[in-house]
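A.B. asks:
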Amino acid sequence: MQALNLAIGTLLGYWYGADVNSVAVSHSGMQIAIGTGNGLVEVAANPFYSTVPVSGLTVNPTTVLGGAVAIGNVTLSKSAPVGGNTVLLTSSDASAIVPALVTVPAGASSATFAIHAQDVASYTTVVLTASAAGQVATTVLNVTPLPIRSFGVSPTSVIGGASSVGTVTLKQPASSGGISIHLASDNPAATVPASVEVANGTSSATFTVATSSVDARAVVAITAGNGSGAKSASLTVQQAPLASVSLNPASVGGGANATGTVRLDGTAGPGGDTVALASSSKAARIPASVNLLAGQSTGTFSITTIGVTMNTGVRITATLDGSSQMATLTITPAALALVSVNPTAITGGNSSLGTVDLTGNASASGLVVTLSSTNSAAKVPRSVSVAANQGSATFAVTTSSVTKQQVVTITAKCGAVTKTATLTVNPPPPPTLVSIGVSPGSVQGGSTSSGLVTLSGLAPAGGEKVSLTSNSKSATLPVSVTIASGKSSVGFTVKTIAVATQSVATLTAKLGTTSKSATLTIAPPSIKSLSVSPSSVKGGKSSVGTINLTGPAPSGGIAVSISSDSGSATVPSTVTISSGKSSGTLTIKTKAVTRSTSATIKATFGGASKTAQLTLT
Numbered sequence: 293m294q295a296l297n298l299a300i301g302t303l304l305g306y307w308y309g310a311d312v313n314s315v316a317v318s319h320s321g322m323q324i325a326i327g328t329g330n331g332l333v334e335v336a337a338n339p340f341y342s343t344v345p346v347s348g349l350t351v352n353p354t355t356v357l358g359g360a361v362a363i364g365n366v367t368l369s370k371s372a373p374v375g376g377n378t379v380l381l382t383s384s385d386a387s388a389i390v391p392a393l394v395t396v397p398a399g400a401s402s403a404t405f406a407i408h409a410q411d412v413a414s415y416t417t418v419v420l421t422a423s424a425a426g427q428v429a430t431t432v433l434n435v436t437p438l439p440i441r442s443f444g445v446s447p448t449s450v451i452g453g454a455s456s457v458g459t460v461t462l463k464q465p466a467s468s469g470g471i472s473i474h475l476a477s478d479n480p481a482a483t484v485p486a487s488v489e490v491a492n493g494t495s496s497a498t499f500t501v502a503t504s505s506v507d508a509r510a511v512v513a514i515t516a517g518n519g520s521g522a523k524s525a526s527l528t529v530q531q532a533p534l535a536s537v538s539l540n541p542a543s544v545g546g547g548a549n550a551t552g553t554v555r556l557d558g559t560a561g562p563g564g565d566t567v568a569l570a571s572s573s574k575a576a577r578i579p580a581s582v583n584l585l586a587g588q589s590t591g592t593f594s595i596t597t598i599g600v601t602m603n604t605g606v607r608i609t610a611t612l613d614g615s616s617q618m619a620t621l622t623i624t625p626a627a628l629a630l631v632s633v634n635p636t637a638i639t640g641g642n643s644s645l646g647t648v649d650l651t652g653n654a655s656a657s658g659l660v661v662t663l664s665s666t667n668s669a670a671k672v673p674r675s676v677s678v679a680a681n682q683g684s685a686t687f688a689v690t691t692s693s694v695t696k697q698q699v700v701t702i703t704a705k706c707g708a709v710t711k712t713a714t715l716t717v718n719p720p721p722p723p724t725l726v727s728i729g730v731s732p733g734s735v736q737g738g739s740t741s742s743g744l745v746t747l748s749g750l751a752p753a754g755g756e757k758v759s760l761t762s763n764s765k766s767a768t769l770p771v772s773v774t775i776a777s778g779k780s781s782v783g784f785t786v787k788t789i790a791v792a793t794q795s796v797a798t799l800t801a802k803l804g805t806t807s808k809s810a811t812l813t814i815a816p817p818s819i820k821s822l823s824v825s826p827s828s829v830k831g832g833k834s835s836v837g838t839i840n841l842t843g844p845a846p847s848g849g850i851a852v853s854i855s856s857d858s859g860s861a862t863v864p865s866t867v868t869i870s871s872g873k874s875s876g877t878l879t880i881k882t883k884a885v886t887r888s889t890s891a892t893i894k895a896t897f898g899g900a901s902k903t904a905q906l907t908l909t
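Just so you know, the working numbering puts 584 at position 292 of the sequence shown, and the rest follows in order with no gaps.
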């Protein structure tokens, strides 16, 4: 025996150990002795709440089935005081579980409590004890094994993942409070609840047996009850069998693909499943197997086919654990499906690309498709061959120039099947204006530049007329030019006039709604040279200076500034060169000098200058 000591004023004490079966209370102090057994003891020891002694303890009924509930009643020697009176309860055997204490309410002399009988293997007598204020009362409760008449599961064989229903039937209806029957499974492939309740007044109860997918057949023992009163039933959990193999589509043209699907009647077990595959013909190729992962019920695989010359039925077989399922794939010979051209409209003289497409792939000998055209404006070869195991072939469509639009039908024929495509052959489109250019792009006013108008193609019969304009009076050009038939460009002359300052003229060519422009820079004349004659004079004599321009002077003429760096040679401040003239003269007057002197004569216009030397002797 071991002891649990509780201090004064302590309400509860707990004890858990390998040897807990009975509790003995020493009323001489607050020492509680723990007997042998196995369980948890919860005791109370507070003298302030146990002032009235216990006078009696009864149970109803005195004999119960394991799993049932009996009612205990504790009686005091007199009414409980204010705050109630605590009574300690103990059981001599774990077959009957009582609360650690029960409180009789103030003013009352008794209280009831529940006693939970456990499922037992054999008839068991349990001593129940109630103690308060130094007094002890005892009684006996008899616990009998469950009287199970029968126990079974239905169905007795399921595919892993499906469920079965267990039914337990007693020899007699359950008494008040019902009966809890312990349940157990010896294999995790089938799981059951910890217990099932048979309700008061009934003699049977059902529960669900859940199963999981397995890699191999498992026989599971399901037990209801405990010890000699237990009953067992067997449940067989089967591996999910192969349910079907299906094909999508079930008929294809040779060379096309299909998808196969294997389906289990359930789901694959923890280790997954490998379904073996086989094809009855090389015309349909499939993998050797398809793997299903744990928990999967379906798996797919690809089917590739080759061209055939006649309808061919191929058996696709799937096998799992010796069980097979089969589906048939029909492979049909390739037929002409389509003829097309790209582009579908072209300018005569260019080419288009034709394509014939089959419903599948050609067989090992290939397939010949005959071709024809309804108009010589588009020519095609007499036939085109689709190579073995190919589903299409291309051919060239050549065209010739036309003066008006031609709609040509291209026909492809293979066996009894004829397909057509339409090709539109157009005449060349009207040429469009591409550019206008001038060369050189910068000229001296009064000189000319060469212009050029260019089209995107050849001018049609009768030529193509292009209008021309200039936004400046400094540059003139023809009102229009005509590009001769069969030509793509034409030149013209741009005339300019002398200008006093630099001018930029925009030259525009227009054809239909399209305009193109170019610019021509027209520069004013500049001083080309300055000379004096004679270049040496005796002081007091005159010399003549000549100014030459790079071009004629503009309307109104130009004024050239003149200067001399010597007082012995005098010049006019300006010389005016008349409109249209490209040169002008000036008189240089000199004075007598005592020794030879050099004078620099300078002419300036538009920021540019020229000089000449005059020697005075």
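Ideal Cβ positions, reconstructed from N, Cα and C, are used throughout, including at glycine.
Along the chain, which unbroken stretches of the beta strand (DSSP E) at least 3 residues long are found entirely within the region 660 to 743?
C.D. replies: Counting whole runs of 3 or more residues, the region 660 to 743 contains the beta strand (DSSP E) stretches 675 to 678, 684 to 691, 698 to 706, 709 to 718, 725 to 731, 734 to 736.
A.B. asks: Cα separation between G563 and S472?
C.D. replies: The residue given as residue 563 occupies position 271 in the sequence shown. The residue given as residue 472 occupies position 180 in the sequence shown. Going by the C-alpha atoms only, they are around 37 Å apart.
A.B. asks: Cβ atoms of A406 and V396: under 8 Å apart, would you say?
C.D. replies: Mapped onto the sequence shown, residue 396 falls at position 104. Mapped onto the sequence shown, residue 406 falls at position 114. Against a cut-off of 8 Å, the Cβ pair of A406 and V396 comes out as no contact.
A.B. asks: Measuring CA to CA, which of T907, V786, S369, I578 is closest to V829?
C.D. replies: Your numbering for residue 829 matches position 537 in the sequence shown. Taking only the C-alpha atoms, the option nearest V829 is T907.
A.B. asks: Take T811 as the anchor and find which of P844, P817, T768, G778 has the nearest alpha-carbon.
C.D. replies: Position 519 of the sequence shown, counted from the first residue, corresponds to residue 811. Closest option to T811, Cα to Cα, is T768.
A.B. asks: By alpha-carbon positions, which one of A851, Q464, T806 ends up nearest to S865?
C.D. replies: Position 573 of the sequence shown, counted from the first residue, corresponds to residue 865. Checked all of A851, Q464, T806; the closest Cα to S865 is A851.
A.B. asks: Kindly indicate which residue of A486, L822, S496, V501 has the alpha-carbon position closest to the one of A454.
C.D. replies: Position 162 of the sequence shown holds residue 454. Selected option, being the one with the closest Cα: V501.
A.B. asks: Between the beta-carbon of S369 and the beta-carbon of G399, is there less than 8 Å?
C.D. replies: Counting from one through the sequence shown, the residue named residue 369 turns up at place 77. Counting from one through the sequence shown, the residue named residue 399 turns up at place 107. No, the Cβ-Cβ distance between S369 and G399 is not below 8 Å.
A.B. asks: At a cut-off of 7 Å, would you count S693 as near the ligand ADP, judging by its Cβ distance to the nearest heavy atom?
C.D. replies: In the structure shown, the ligand ADP is absent, as is every other ligand, since no ligand is present at all.
A.B. asks: Look at G804 and L744 and say whether their C-beta atoms are less than 8 Å apart.
C.D. replies: Sequence index remark: in the sequence shown, residue 804 carries index 512 (1-based). Sequence index remark: in the sequence shown, residue 744 carries index 452 (1-based). Their beta carbons are not under 8 Å apart, which means G804 does not touch L744 by this criterion.
A.B. asks: Taking the beta strand (DSSP E) that R607 falls in, what are its first and last residues?
C.D. replies: Counting from one through the sequence shown, the residue named residue 607 turns up at place 315. Run containing R607: 604 to 612, per the beta strand (DSSP E) assignment.
A.B. asks: Of the residues K802, T813, S807, which one's Cα is nearest the Cα of I789?
C.D. replies: Numbered from its first residue, the sequence shown carries residue 789 at position 497. Nearest of K802, T813, S807 to I789, Cα basis: T813.
A.B. asks: Could you tell me which residues DSSP pairs with G646 in its beta bridges?
C.D. replies: As a working mapping, residue 646 is identified with position 354 in the sequence shown. DSSP lists V633, F687 as partners of G646.
A.B. asks: If you reduce the DSSP assignment to three classes, tell me which class G640 lands in.
C.D. replies: Position 348 of the sequence shown, counted from the first residue, corresponds to residue 640. Reduced to three states, the DSSP call for G640 is strand.
A.B. asks: Less than 8 Å between the beta carbons of T350 and T431, yes or no?
C.D. replies: On the sequence shown, residue 350 is found 58 positions in, with the first residue counted as 1. On the sequence shown, residue 431 is found 139 positions in, with the first residue counted as 1. Yes, these two residues count as a Cβ contact at 8 Å.
A.B. asks: Buried or exposed for A299, please, with buried defined as at least 16 other CB atoms from any protein chain shown within 10 angstroms of its CB.
C.D. replies: Your numbering for residue 299 matches position 7 in the sequence shown. Note that A299 scores a pLDDT of 38, beneath 50, so its modelled location is shaky; the value from the coordinates is reported in the next line. Exposed, since its Cβ has fewer than 16 Cβ neighbours within 10 Å.
A.B. asks: Suppose the cutoff is 7 Å on Cβ atoms and the five residues either side in sequence are ignored; what does the same chain contact list for P746 look like?
C.D. replies: Start at 1 with the first residue of the sequence shown, and residue 746 comes out as number 454. Sequence inspection shows Thr at residue 746; the Pro mentioned does not correspond to that position. Answer for T746: V726, S727, S780, S781, listed in chain order.
A.B. asks: According to DSSP, is V484 helix, strand or coil?
C.D. replies: As a first step, residue 484 must be located in the sequence shown, where it is residue number 192. Three-state result, V484: coil.
A.B. asks: In the DSSP assignment, find the beta strand (DSSP E) that holds D565 and state where it starts and stops.
C.D. replies: Counting from 1 along the sequence shown, the entry for residue 565 is found at position 273. Counting along the chain, the beta strand (DSSP E) containing D565 begins and ends at 565 to 571.
A.B. asks: Hey, how far is the Cα of A361 from the Cα of S526?
C.D. replies: Your numbering for residue 361 matches position 69 in the sequence shown. Your numbering for residue 526 matches position 234 in the sequence shown. In the sequence as presented, Ala is not what sits at residue 361; that position holds Val. V361 and S526: Cα-Cα distance of roughly 30 Å.
A.B. asks: If you follow the beta strand (DSSP E) that L534 is part of, which residue opens it and which one closes it?
C.D. replies: Stepping through the sequence shown from its first residue, residue 534 is reached at position 242. Per DSSP, L534 belongs to the beta strand (DSSP E) from 534 to 540.
A.B. asks: Assign I324 to one of three DSSP states: helix, strand, or coil.
C.D. replies: For this step, residue 324 is matched to residue 32 along the sequence shown. Low per-residue confidence applies at I324: pLDDT is 43, beneath 50, and the placement is therefore not dependable, though the value from the model is reported in the following sentence. Strand at I324.
A.B. asks: Is it true that the CB of L715 sits closer than 8 Å to the CB of V633?
C.D. replies: Taking the sequence shown and counting its residues from 1, one reaches residue 633 at position 341. Taking the sequence shown and counting its residues from 1, one reaches residue 715 at position 423. Going by C-beta atoms, V633 is nearer than 8 Å to L715.
A.B. asks: Whole angstroms are fine: how far does the CA of V379 sit from the CA of E334?
C.D. replies: Indexing the sequence shown from 1 puts residue 334 at position 42. Indexing the sequence shown from 1 puts residue 379 at position 87. Caution applies to E334, whose pLDDT of 41 falls short of 50 and renders its modelled position unreliable; the value that the coordinates give is listed next. Straight-line Cα distance between these residues: approximately 12 Å.
A.B. asks: Which residue's Cα is closest to the Cα of G872: A550, S858, T862, T842?
C.D. replies: Position 580 of the sequence shown, counted from the start, is the residue given in the question as residue 872. Nearest of A550, S858, T862, T842 to G872, Cα basis: T842.
A.B. asks: Excluding the 5 residues flanking S589 on each side, which residues of the same chain have their C-beta closer than 8 Å to its C-beta?
C.D. replies: Stepping through the sequence shown from its first residue, residue 589 is reached at position 297. Cβ neighbours of S589 beyond the five flanking positions: A532, R555, L556, G558, T559, A560.
A.B. asks: I want to know whether the region 635 to 650 touches the region 611 to 623 - three or more CB-CB distances under 8 Å.
C.D. replies: Because the criterion of three Cβ pairs below 8 Å is not met, the region 635 to 650 and the region 611 to 623 do not touch.
A.B. asks: Pick from A491, L822, R887, I608: whose alpha carbon is nearest that of F897?
C.D. replies: By one-based count along the sequence shown, residue 897 stands at place 605. Of the listed residues, the one whose Cα sits closest to F897 is L822.
A.B. asks: Under three-state DSSP, which class holds K881?
C.D. replies: Counting from 1 along the sequence shown, the entry for residue 881 is found at position 589. Residue state, collapsed to three classes: strand.
A.B. asks: Ignore the nearest five residues each way along the sequence and tell me which others in S856's own chain have a CB closer than 6 Å to its CB.
C.D. replies: Counted from its first residue, the sequence shown places residue 856 at position 564. Answer for S856: V863, A891, I893, listed in chain order.
A.B. asks: Using the rule of at least 16 other Cβ atoms within 10 Å of the residue's Cβ for burial, across every protein chain shown, is A337 buried or exposed?
C.D. replies: Position 45 of the sequence shown, counted from the first residue, corresponds to residue 337. Summary for A337: the model assigns pLDDT 40, below 50, so the residue's position carries little reliability; its value from the coordinates is reported in the next sentence. By the 10 Å Cβ count, A337 comes out buried.
A.B. asks: Judging by CA-CA distance, which residue of G614, G552, D507, V512 is the nearest neighbour of A586?
C.D. replies: Walking along the sequence shown from the start, residue 586 turns up at place 294. Measuring from the Cα of A586, the nearest candidate turns out to be D507.
A.B. asks: Is the beta carbon of T785 sitting closer than 8 Å to the one on S742?
C.D. replies: Indexing the sequence shown from 1 puts residue 785 at position 493. Indexing the sequence shown from 1 puts residue 742 at position 450. Yes, Cβ-Cβ distance for T785 and S742 is below 8 Å.
A.B. asks: Kindly indicate which three-state DSSP category V867 falls into: helix, strand or coil?
C.D. replies: Taking the sequence shown and counting its residues from 1, the one referred to as residue 867 is at position 575. If DSSP states are grouped into helix, strand and coil, V867 belongs with the strands.
A.B. asks: For A900, name the three-state secondary structure that DSSP assigns.
C.D. replies: Numbered from 1 along the sequence shown, position 608 holds the residue referred to as residue 900. If DSSP states are grouped into helix, strand and coil, A900 belongs with the strands.
A.B. asks: How close, in whole Å, do the beta carbons of A576 and V606 come, if the pair is a contact with beta carbons under 8 Å?
C.D. replies: One-based indexing of the sequence shown puts residue 576 at position 284. One-based indexing of the sequence shown puts residue 606 at position 314. Confirmed, Cβ separation roughly 4 Å.
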